[in-house]
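Order-wise, the sequence lines are chains A and B. Residue 122 in this note's numbering sits at position 122 of the first sequence; the count goes up by one each step and never skips. Residue 1072 in this note's numbering sits at position 72 of the second sequence; the count goes up by one each step and never skips. Glycine residues also receive a C-beta, built at the ideal position from the N, C-alpha and C atoms. Bear in mind the structure is a predicted one, so any value in this text is a computation, not a measurement.
Number of protein chains: 2
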Amino acid sequence: MGYNLDMVDQRFSVSIHIMTALAFHKGELMTSEQLAGSIRTNPTVIRRLLAKLVEAGLLESFKGKSGGVKLAKSPKEISLKDIYAAVCCDKKLIATPDKEASKQCVVSCNMGKLLDDVVNGIENNSMNYMSNICLSELTARIK
Amino acid sequence: MGYNLDMVDQRFSVSIHIMTALAFHKGELMTSEQLAGSIRTNPTVIRRLLAKLVEAGLLESFKGKSGGVKLAKSPKEISLKDIYAAVCCDKKLIATPDKEASKQCVVSCNMGKLLDDVVNGIENNSMNYMSNICLSELTARIK
DNA sequence: TTATATTGTACCTATATCTGTTACATTAAC
DNA sequence: GTTAATGTAACAGATATAGGTACAATATAA
């Protein structure tokens, strides 16, 4: 059975693929089946992500026969940050432990806030970088 | 049993804690037992990370009685990038699928390289940011 | 009106990976 | 020699994602 041996979180990558495919097809409707074919995965995996992208206002979906999804905005108005926020909003790029501090240890007592600041700094830096890359830049690279 | 309900990768966060504690103790030797106390985890978890930090040249370790680890450099010469590279070098911040492209689909055929470029851009951006935060800045925040 | 095709979920299994833990060989100080 | 430390190996427990089946709801199309 062709299991993927790398079981880490690929939702962001797959979502970029989805959005790029939709942008490449110039706002036309595509089905989860078509997208799953391009990405070589199961349509349900795609639909799980589509639901989040719809919820975030990046896509519009249409049920029923000849339904599907399409971009809700122009590719110039959608950034990688938008996609990341839509799909991975529940998860930090870098995790911090949530254990209680060891009261006798000054370092331990300060570490919670220190790590939060560090991680937030890294995340904000990444989000800022991603907000400057838009979908149209990605489709421009497809030859 | 006090299991941590958040089973995501905390190696970077824990390593920052380790390095900050060692810097705070001004280059003195500390044992994995002491560090584990501050971090509230098992000494083996700490030693696994120490091994990587030693291998990367950030720490020196001493076996045997009254052994332990200490910083191999000044806190000003150690950045978050160094720590990240030492401990998480085997893992991308953002994962990409490694499936074969769907040959009939132009988007699919271009997506491998496109995603690599995107992810490398994000990683390089993060590494650059992290290279500008050094250990001495972290210890300065401990009150 | 009926058949069809699609989204949107719910649910389950397999897998990978990390954490926590025990155990022990190796090593160096005392 | 005893002791206390690192460095690993091995294993169980927990979690999250991917992949997959099934089906209700829905809207087009015939």
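- Runs of beta strand (DSSP E) with 3 or more residues, each lying fully within the stretch 71-134 of chain A, are absent.
- Contact with chain B is absent for I83/A, since none of that chain's Cβ atoms lies less than 8 Å from the residue's Cβ.
- If you ignore the 5 residues before and after N1042/B, its C-beta comes within less than 7 Å of the C-beta of A1036, all in its own chain and listed in chain order.
- With fewer than 16 other Cβ atoms inside 10 Å of its own Cβ, A1140/B counts as exposed.
- Contact annotation, L138/A with L1114/B: C-beta distance approximately 6 Å; criterion of less than 8 Å satisfied.
- If you ignore the 5 residues before and after C88/A, its C-beta comes within less than 7 Å of the C-beta of R11 and F12, all in its own chain and listed in chain order.
- Between the alpha carbons of I1142/B and Q34/A lies a gap of roughly 54 Å.
- Using beta-carbon distances, N110/A counts as an interface residue toward chain B, with a partner under 8 Å.
- The C-beta distance from V45/A to P1097/B rounds to 11 Å, too long to meet the 8 Å contact threshold.
- Rounded to the nearest whole angstrom, the C-alpha separation of Q1104/B and K1092/B is 29 Å.
- Rounded to whole angstroms, the Cβ separation of L1050/B and S1061/B is 6 Å, and the two are in contact under 8 Å.
- With fewer than 16 other beta carbons inside 10 angstroms of its own, G64/A counts as exposed.
- Sorting L59/A, D117/A and G68/A by C-alpha distance to the C-alpha of M30/A places G68/A at the top.
- Cβ contact annotation for E1123/B (same chain, cutoff 6 Å, sequence separation greater than five): L1093, in chain order.
- Spanning the alpha carbons of D1116/B and S1066/B requires a straight line of approximately 47 Å.
- Of the candidates L1071/B, R1047/B and R1048/B, L1071/B places its Cα closest to the Cα of L1058/B.
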